[in-house]
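The structure appears right after this line, and notes come after that.
Structure below.
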């Protein structure tokens with residue numbers, strides 16, 4: 025699969041302008057819709073070895089699910105597809121600010137009022153997703169982006185709902201921890217990409233996960249935003265658990 029270059033056209037509708045990020049699961053590009061002229065973000069998903077056809081079917085079904093998450097503090101999924109020679113891609117609204125990870129690196133700890141505002145917005149986003157049976161499972165400062173509207177208002181948006189794997193992990197709509205319908209965090213596609221420092225104990229140990237796993241990750245993030253440090257550090261999951 026080739027990497028996109030400035031000037032390339034995806035699906036005859038999106039003109040690539042620049043590569044803006046590379047991660048473990050693919051590349052992120054700034055692009056422009058050729059008909060509307062507005063700027064969007066395109067994330068190309070690099071699937072790992074295995075049944076590519078099955079993975080792509082799963083991606084299409086679950087990308088459609090992500091596109092149904094309409095919330096002011098969740099990045100909007102505008103389109104998705106599979107580009108020949110490139111792979112599966114998501115088209116999302118373009119966010120013009122840095123991630124909270126980048127802000128932490130640049131300025132250190134946030135003040136209490138700002139952290140309260142961030143936590144309230146992210147919790148609101150999670151509440152909607154959890155009400156639809158979708159769990160993020162990789163919530164961390166790097167997956168929270170700032171966006172400044174033209175009027176000057178700054179908001180914080182959750183990105184990558186379910187992209188680590190590919191697609192959101194479904195859980196029982198009631199989010200009951202004892203429900204037999206909850207899925208195991210041992211799912212290889214997702215567990216590889218979960219950042220250990222923010223993962224809940226049940227994620228690290230391969231036990232069933234629920235919405236509370238996301239709340240644990242949010243708690244770790246809030247602690248780091250307030251102090252500039254993570255509450256727990258270790259080189260492997262066993263050390264984090266014990």
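Numbering (this note's numbering), first residue to last: 25 to 266. Where a beta carbon is used, it is the ideal one built from N, C-alpha and C, also for glycine.
Counting only the Cα atoms, residue 227 lies some 35 Å from residue 108. Taking 8 Å as the upper bound for CB-CB distance, residue 168 and residue 124 are in contact here, some 4 Å apart. Contact between the region 127–139 and the region 89–106 is absent: fewer than 3 CB-CB pairs across the two stretches fall below 8 Å. Residue burial annotation: residue 55 is buried, with at least 16 other C-beta atoms found within 10 angstroms of its C-beta. Under DSSP, residue 103 forms a beta bridge with 115. Per DSSP, the continuous beta strand (DSSP E) segment holding residue 51 begins and ends at 50–57. For residue 154, the enclosing alpha helix (DSSP H) covers residues 136–155. Comparing alpha-carbon positions, the option among 106, 52, 65, 97 lying closest to residue 78 turns out to be 106. The Cβ atoms of residue 58 and residue 118 do not sit closer than 8 Å to each other.
Judged by DSSP in its simplified three-state form, residue 38 adopts strand.
Per DSSP, the beta-bridge partners of residue 170 are 180. DSSP places residue 233 in the coil class of the three-state scheme, outside both helix and strand.
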